[in-house]
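Here's the structure we're looking at; comments come further down.
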Ligand code: SF4
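Residue numbers (full-length UniProt numbering), protein chains in the order written: chain U, 1 to 453; chain V, 1 to 447.
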């Protein structure tokens, strides 16, 4: 670890997003849910636009559309009207309500409004789950995890699921739809019966359909959430969320063991995940996954020379950076700077834990960074690679080095929602991406060019 | 589809009843409007001023969602493409953000030496009551550049109110620069945002007809130009929704007349040039304009024939930010032989909608401040071949198996001017004719 970066007052090109956005994405992973922002119109529209550019899917986020008089007299009436309208138009099973900086500051008591709504509005009503997401407090990841925790707190129970196999809960955090599809496949291959919360695999990576769906099909069924208290264990990815996470709540309320592990990025972290699945299921690793791991190791060997000693800057949300840094370390790339806009205070420690014995020297690890800070540090660090989401592109361009696009958002390429980060298969794809980016760079820098490695 | 009752009066079908349509209302709670906020409105307008610092005072969201999202190009400095924020934290919300704002301004002005600074207030600033005016005044005293508050608290109206806030901010700059040496045949270009370099094309047209452009307001904008904009003889206003307010102020204060134009589509582009030439009442300028239009059309029209042949009879729907652009689009589609079956906008005025109803065919749906479900039902009902909108409308079209053309601020294609018409035709053609629609269920079943 080395010198601290200068502490600027202003933020330039933030490396984080706001809390309500994270909550909206988490709510999108529940079956029949519509995310709802209690605030003014703009935030909802901005977030929709931002999210659409990554997933290329419709994302309808409703809003209370508060105006000046509501800011003065409170937003209760508009919240109720908004809920009625959303119910009428979307017929949702659940409305996930997140507050914004506006309503947090004017002191709207959403719980009370919802109680009133419960009494005043007749007829069948969707389930309501609310989460406080003042955007001056934390990043989109806090919003995401807190929304998951709120859902668990409100809906999880010990009802009979009636389904086959051993029930387990998977709380994967904010990963891609492709990751979630793959997690399902893996757990089912172990004959486990997973409840993955949230599950954006279909809702945010939908199919072309015959008729337009008001709410995209898919997502964690509410009935499955209701049985999460029965699970053998919960497996929760990440370390930087608050202690009151979804997994922790399940442990507290229903004594479901909570296994908190790093995001399984790379071989070692994936091995740990698979070990847990072996224990939970009582079954050995299925041959298919064993073979995938074997091919992965084989490719590590085939490609190691092209990347050994390359220096990388990794940035993004903390848990993903921890996972990616561990992965880079195991393939011989040297992470030199790990940066995040988040401020969990656990970032450096978790990176050290994940990479400890692989790296002769720990990378610089900094929380609360923006892209101005990252760029400034990058000048003296002379990286060969950037690993993170699309917003690092201006820096990659300035340094003319490759950017390995992972995480969220991917705004300048197709298929952000199909990037696989997790497990042996994810590691395989990332590995090929990185090696090929290095080869391509060498090729295009070469004055003569070559067509044979 | 059944409409929400409150929404009924914001939709009109041409020819079915006498024209009635309500607009300029706050968006309905829970309706999932496609609209943004006041902040968005002012950010859109001021964004392309490339040598100014644009500091968003608020929590991180508003700043980060507007980081480099527009295709407004600059021929020089690119300060506008960075996203600056005070990133307010809980402690600032409790004790007030003025000090942080002051220090952030000093820091950023020293770092970037901008020609001016715009400070945008967001929702929360309106609530905690930071005195932006005072902060800006105090900082300005020390830094020797204009430091201008933009009163754009998100909840204080809709996008239109943001346009006004932006115009007020710019009005403070105008009149502070030296106007010597400006030609009597001179204009300001208002309301073009230089998406994909469009203002460069438009400027070139004006130069070719012998008219000097004093200031671009705001595409590829420069503070110094805006400061001397009151020296121009005429304001030429496109996207009148966003900058007409400023033109009015300049008319009142400096006696500069203004005219509304559009640069989209052949007819409107030619009309814009003729109107400007006509205003100056100079035979040489008029002759040059005629020559320019003739030359451009001779080149363009034969090329358009190809697209017209393929596209005749296809159906288009339009949903854009400002309704003035919609007129040009209706005409542009007609030129391609296509029928417009739906047209709407986020912020149109009653007058504009009324005129749209007059020029569109019977049965055309005219809609104000709509939402995804309504749009979906209109597109389905009218079996549209292409939908023109912005990024938020794109997945709606695609999920329905309908082609899409981005005509909003984030687009990367130049669609203005004569060349722009050709680009537009190409884009519409390449989406409508793509073989991919054979695989989407909706189209496959219809065939
Ligand atoms: S917080 Fe207010 S100003 Fe910022 S995006 Fe949301 S509505 Fe607009």
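No residue lacks a Cβ here, since even glycine has one placed at the ideal position from N, Cα and C.
Residue 424 of chain U to residue 431 of chain U span [Cα, whole Å]:
10 Å
Consider the C-beta atom of residue 40 of chain U and the heavy atoms of the ligand SF4; say whether any pair is separated by less than 6 Å.
yes
Which whole runs of the beta strand (DSSP E) in the segment 150–193 of chain U are 3 residues long or more, in chain order?
166–171
How about the segment 322–337 of chain V and the segment 237–244 of chain V: do they share at least three Cβ pairs that are nearer than 8 Å?
yes
I want to check one thing, is the minimum distance from the CB of residue 308 of chain U to the heavy atoms of the ligand ZN below 6 Å?
Judged by which ligands are present, the ligand ZN is missing from the structure shown, whose ligands are the ligand SF4.
So if DSSP puts residue 128 of chain U in a beta bridge, which residue, or which two residues, is it bridged to?
U:95
Using 10 angstroms around the beta-carbon of residue 363 of chain V, count the other beta-carbons present and answer buried if the total reaches 16, otherwise exposed.
exposed
Would you kindly check if the distance between the Cβ of residue 269 of chain U and the Cβ of residue 262 of chain U is under 7 Å?
yes
Answer with buried or exposed for residue 264 of chain V, where buried requires no fewer than 16 other C-beta atoms within 10 angstroms of its C-beta.
buried
Mapping DSSP to helix, strand and coil, what is residue 327 of chain U?
helix
Whole angstroms are fine: how far does the CA of residue 427 of chain U sit from the CA of residue 300 of chain U?
10 Å
Quick check for students: name the residue ranges of the alpha helix (DSSP H) that lie wholly in the segment 47–124 of chain V, counting only runs of 4 or more.
60–64, 90–95 and 98–112
Buried or exposed: where does residue 320 of chain U fall if 16 or more other Cβ atoms within 10 Å of its Cβ makes it buried?
buried
On the DSSP letters alone, give me the boundaries of the beta strand (DSSP E) that residue 315 of chain V sits inside.
315–320
Taking only beta carbons into account, state which residues of the segment 26–41 of chain U come closer than 9 Å to chain V, listed in chain order.
34, 36, 39, 40 and 41
CB contact below 7 Å: residue 101 of chain U versus chain V:
yes
Element boundaries [beta strand (DSSP E), containing residue 234 of chain U]
233–237
Cα-Cα, which of V:167, V:378, V:137 and V:410 is closest to residue 479 of chain V?
No answer is possible for residue 479 of chain V: the residues shown for chain V start at 1 and end at 447.
Along chain V, which residues have their Cβ under 7 Å away from the Cβ of residue 86 of chain U?
30
Residues of the segment 393–427 of chain U whose Cβ lies closer than 7 Å to any Cβ of chain V, in chain order
none
Helix, strand or coil for residue 16 of chain V, going by three-state DSSP, please let me know.
coil
Starting from the beta carbon of residue 372 of chain V, find every residue of chain U whose beta carbon is closer than 8 Å, and list them in chain order.
58 and 60
Any heavy atom of the ligand SF4 within a distance shorter than 6 Å of the CB on residue 99 of chain U?
no
Apart from the five residues on each side of it in sequence, which residues of its chain come closer than 6 Å, Cβ to Cβ, to residue 154 of chain U?
129
Check whether the Cβ of residue 11 of chain V lies closer than 7 Å to any Cβ atom in chain U.
no
Any residues in the segment 111–138 of chain U with a beta carbon nearer than 9 Å to a beta carbon of chain V? Which ones, in chain order?
134, 135, 136 and 137
Residue 215 of chain V, DSSP secondary structure in three states
strand
Chain-ordered neighbours of residue 251 of chain V on chain U, where CB pairs are closer than 8 Å:
Ordered by position in chain U, no residue passes the 8 Å Cβ test against residue 251 of chain V, which lies about 29 Å from the chain.
Rounded C-alpha distance that separates residue 181 of chain U from residue 409 of chain U
19 Å
Identify the residues that DSSP records as bridge partners of residue 311 of chain U: which are they?
U:334
First and last residue of the uninterrupted alpha helix (DSSP H) at residue 239 of chain V
No alpha helix (DSSP H) holds residue 239 of chain V; DSSP gives it neither H nor E.
Taking residue 351 of chain V as part of the alpha helix (DSSP H), name the residues at either end of that continuous run.
350–359
For residue 108 of chain U and residue 134 of chain U, what's the separation of their Cα atoms in angstroms?
12 Å
Is there at least one Cβ from chain V nearer than 7 Å to residue 71 of chain U's Cβ?
yes
Residues that residue 395 of chain V contacts on chain U, provided the C-beta gap is smaller than 7 Å:
52, 56, 57 and 58
Delimiting residues of the alpha helix (DSSP H) encompassing residue 454 of chain U
Only positions 1 to 453 of chain U appear in the structure, and residue 454 of chain U is not among them; the question remains open.
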